[in-house]
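Chains E and L, in that order, give the protein sequences.
Going from the first sequence to this note's numbering is simple: count from 1 and add 2.
Going from the second sequence to this note's numbering is simple: count from 1 and add 2.
Note that beta-carbon positions come from the ideal geometry of N, C-alpha and C, so glycine has one too.
2 protein chains.
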Amino acid sequence: MHILITGAAGMIGRKLTARLVEAGHLNGRPIEALTLIDIDSPEKPKTFTGTLVTAAADIGDPAAAPALIAGKPDVVFHLAAIVSGEAELDFEKGDRINLDGSRALLEAIRQAGDDYRPRLVFTSSIAVFGAPFPEVIGDDFHLTPLTSYGTQKAIVELLLADYTRRGFVDGIGIRLPTISVRPGRPNKAASGFFSAIIREPLAGEEAALPVGEDVMHWHASPRSAVGFLIHAAGLPSERLGPRVNLTMPGVACTVAEQITALRRIGGEKVAARIRRAPDPLVARIVAGWPRRFDPRRALALGFAAESSFDDIIRVHIEDELGGRIGA
Amino acid sequence: MHILITGAAGMIGRKLTARLVEAGHLNGRPIEALTLIDIDSPEKPKTFTGTLVTAAADIGDPAAAPALIAGKPDVVFHLAAIVSGEAELDFEKGDRINLDGSRALLEAIRQAGDDYRPRLVFTSSIAVFGAPFPEVIGDDFHLTPLTSYGTQKAIVELLLADYTRRGFVDGIGIRLPTISVRPGRPNKAASGFFSAIIREPLAGEEAALPVGEDVMHWHASPRSAVGFLIHAAGLPSERLGPRVNLTMPGVACTVAEQITALRRIGGEKVAARIRRAPDPLVARIVAGWPRRFDPRRALALGFAAESSFDDIIRVHIEDELGGRIGA
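Next up, the structure:
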């Protein structure tokens, strides 16, 4: 089993790599080779004993995809992307990486020949959806993205389905919820506060809440995101059918419910570290985001996320804080 | 007012050209210049007195779009496309013309500069939808095309919406129903029989019916298609909003209802010219096609089609047969 991960240096990419290396197998087969690429070369996982390649590669470079596919990996996790905010600020860069880069990967696989049909797991996003929304978004709701990032993801979903239908690749696209609690330092993403209001208080620091507590959003933990990817890699295409792009399960909860969960787990002192700092711009952006899904197909196909925001916080404490809450 | 029409030599393109030349104006402004292009140079409309350019151009050629946009047309009707059957047989050609050609047109407009923001009317298709369907397809049903043609159209819809949202173009995409009754000789399209079973009997000839009479489909006349295009050209973007792609109205009717309408208008002798010739392949293809829509947004925005298949037949008799039914 040879696995290629694009975007392997990102938060999800690193966690996926660690999980695969720890397991040593995927889809019941031993992992003999691992190719990890990102715009800067990913770190080498220390305990992997198979053939390991880590390299810097820009998937927006037309020469990149054919070189990556030349090794004919059995499973490709295509995580590489320019994030939402940057794709909105730099239209050409977003199109070059998120759209042309993904298309080049599909084309390289197609042109590798008839006998080569790897499982390609593509990380899409709930950013493919755009307001106005129904109260609950079903599996057959249309994609009307309100960002260039969401547009690029939606286009790659369409290409993935067509390339799969034609037998060029064995694709599956998974629309990730907002990943909470993101580890690391706060970033400038408009969605950053959903994680920051949990992460910083648990670490003994203050966090600003820019929106009202009635704001509802759709969350899953980093651990669940890695679980989705691994489950997607092994899902038989007969079970998947022609609609290869799936909204992943998650937890719909309001900011108030996030704070209540934090108080339950961390106590009043921790929850008190959230400081109200209304930001009309962030509030306006977030108002256009989806809130609650009914991801029946993904659930029926065995994808599983947390069942409450309490669970999401516990995963963060276990995976990032060594089980301990900061002072 | 300078108008550019791509695909101007096609059936809809010729009828649109004729209607525009006859009217002499669009959106209340006189038509001073008309640029008509197609893969083979379109015929020159004889009665047009403004600046006329007719030219052969392959929009899949990267040099084509910038040259067409250099003249800064006020309205672009982008009809050029490889049809469904050919795009399925020749994947690379379909992608080159339907996807890359359309994208090149959008890019040429974007790169023409900030002050240039033409209305671009893009003809999409109900082929963006793929089975399984609900009984009636609403405006928020997802696009899961089952052909490469439908995939390419759906991708251009997404690009059109994003380019419009970003202010690069003033786009509108209209999803045409199956156009019935298509004039001219029978073609090999799987949908050809929907027109042939009306057109040939009215012209005194036999026509084969390859599917059962319970097959339902979504129709509009060529005259309505031209009406959609002209209405789309004049629709204010404030009224359209960010969801710029619209399913056009049409008539949902079964083959049995088509035949009943033909009998009502042409008499028993005409209807008797339909010969049952079941074709399992055609029946299987047609089973994956959408049947009935609820195009509320388009209707609310003033798009109008026929209200019965009888009307569709009458349009054919008026526009193609000079008002007379063949012997």
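Among the options, the one whose alpha carbon lies nearest that of residue i
i	options	result
SER127 (chain E)	E:VAL85, E:ILE99, E:VAL217 and E:ILE232	E:VAL85
GLY304 (chain L)	L:ALA289, L:GLY243, L:PHE230 and L:ARG316	L:PHE230
ALA254 (chain E)	E:ASP164, E:ALA307, E:GLN154 and E:ASP281	E:ALA307
ALA300 (chain E)	E:GLU109, E:ARG245 and E:THR53	E:ARG245
PHE295 (chain L)	L:GLY252, L:LEU38, L:ILE267 and L:ILE157	L:GLY252
LYS17 (chain L)	L:LYS48, L:PHE195, L:PRO120 and L:ALA227	L:ALA227
GLY62 (chain E)	E:ALA106, E:ASP76, E:GLU24 and E:VAL78	E:ALA106
GLY169 (chain E)	E:GLU109, E:TRP291, E:ALA222 and E:VAL213	E:GLU109
PRO238 (chain E)	E:GLU24, E:GLY173 and E:ASP321	E:GLY173
ALA133 (chain E)	E:PRO120, E:ARG225, E:TRP291 and E:ARG286	E:TRP291
ASN247 (chain E)	E:LYS46, E:VAL317, E:LYS48 and E:PRO297	E:PRO297
ARG167 (chain E)	L:THR166, L:TYR165, L:SER150 and L:VAL171	L:SER150
ALA274 (chain E)	E:ARG293, E:GLU259 and E:GLU208	E:GLU208
LYS330 (chain L)	L:ASP216, L:GLY26, L:LEU91 and L:PRO68	Outside the shown range of chain L, which is 3 to 329, sits residue 330 (chain L), and nothing can be said about it.
ALA302 (chain E)	E:ARG293, E:HIS233, E:VAL272 and E:ARG286	E:HIS233
Reduced DSSP category for residue i - H, G, I as helix; E, B as strand; rest coil
i	result
PRO282 (chain E)	helix
LEU323 (chain L)	coil
ILE139 (chain L)	strand
PHE295 (chain L)	strand
ALA210 (chain E)	strand
SER226 (chain E)	helix
LEU242 (chain L)	helix
SER310 (chain L)	coil
LEU108 (chain L)	helix
LEU145 (chain E)	coil
GLY236 (chain L)	helix
ASP102 (chain L)	helix
ALA114 (chain E)	coil
GLY132 (chain L)	coil
LEU22 (chain L)	helix
GLY304 (chain E)	coil
GLY1 (chain L)	The first residue shown for chain L is 3 and the last is 329, placing residue 1 (chain L) beyond what the model contains.
GLY15 (chain E)	helix
For residue i: DSSP bridge partner residues
i	result
ARG121 (chain L)	L:VAL77 and L:ASP172
LEU6 (chain E)	E:THR37 and E:VAL78
ILE276 (chain L)	L:ALA209
MET218 (chain L)	L:THR256
SER126 (chain E)	E:ARG177
LEU248 (chain E)	E:ILE176
Contact check, residue i vs residue j, beta carbons under 9 Å
i	j	result
LEU81 (chain E)	ILE14 (chain E)	yes
LEU28 (chain E)	VAL55 (chain E)	no
VAL130 (chain E)	ARG177 (chain E)	yes
ILE276 (chain L)	PRO203 (chain L)	yes
ASP142 (chain L)	PHE143 (chain E)	yes
ILE200 (chain L)	LEU148 (chain L)	no
LEU211 (chain E)	LEU162 (chain E)	no
ALA66 (chain L)	GLY103 (chain L)	yes
ILE315 (chain E)	ARG326 (chain E)	no
PHE160 (chain E)	THR153 (chain L)	As written in the sequence, residue 160 (chain E) is Leu, which differs from the Phe given in the question. Yes; because the gap between Cβ atoms is below 9 Å, this pair is in contact.
HIS219 (chain L)	VAL183 (chain L)	no
PHE79 (chain L)	THR146 (chain L)	no
GLY52 (chain E)	GLU34 (chain E)	yes
ASP312 (chain E)	ILE267 (chain E)	yes
PRO75 (chain E)	ILE157 (chain E)	no
GLY214 (chain E)	PRO280 (chain E)	yes
ILE71 (chain L)	ALA20 (chain L)	no
ARG352 (chain L)	VAL171 (chain L)	Missing from the structure shown is residue 352 (chain L); chain L here goes from 3 to 329 and no further.
PRO179 (chain E)	VAL317 (chain E)	no
VAL284 (chain E)	ALA192 (chain E)	yes
ILE7 (chain L)	PRO44 (chain L)	yes
GLU322 (chain L)	PRO185 (chain L)	yes
ALA69 (chain E)	ALA58 (chain E)	no
Residue i beta carbon near the ligand FMN (any heavy atom closer than 8 Å)
i	result
GLU207 (chain E)	This structure does not include the ligand FMN; it has no bound ligands of any sort.
3 or more residues per run - each beta strand (DSSP E) lying fully within the stretch 147–205 of chain E: List check, beta strand (DSSP E) in window: 172–178.
3 or more residues per run - each beta strand (DSSP E) lying fully within the stretch 24–96 of chain L: With a minimum length of 3 residues, the continuous beta strand (DSSP E) runs that stay inside the stretch 24–96 of chain L are 35–40, 53–58 and 77–80.
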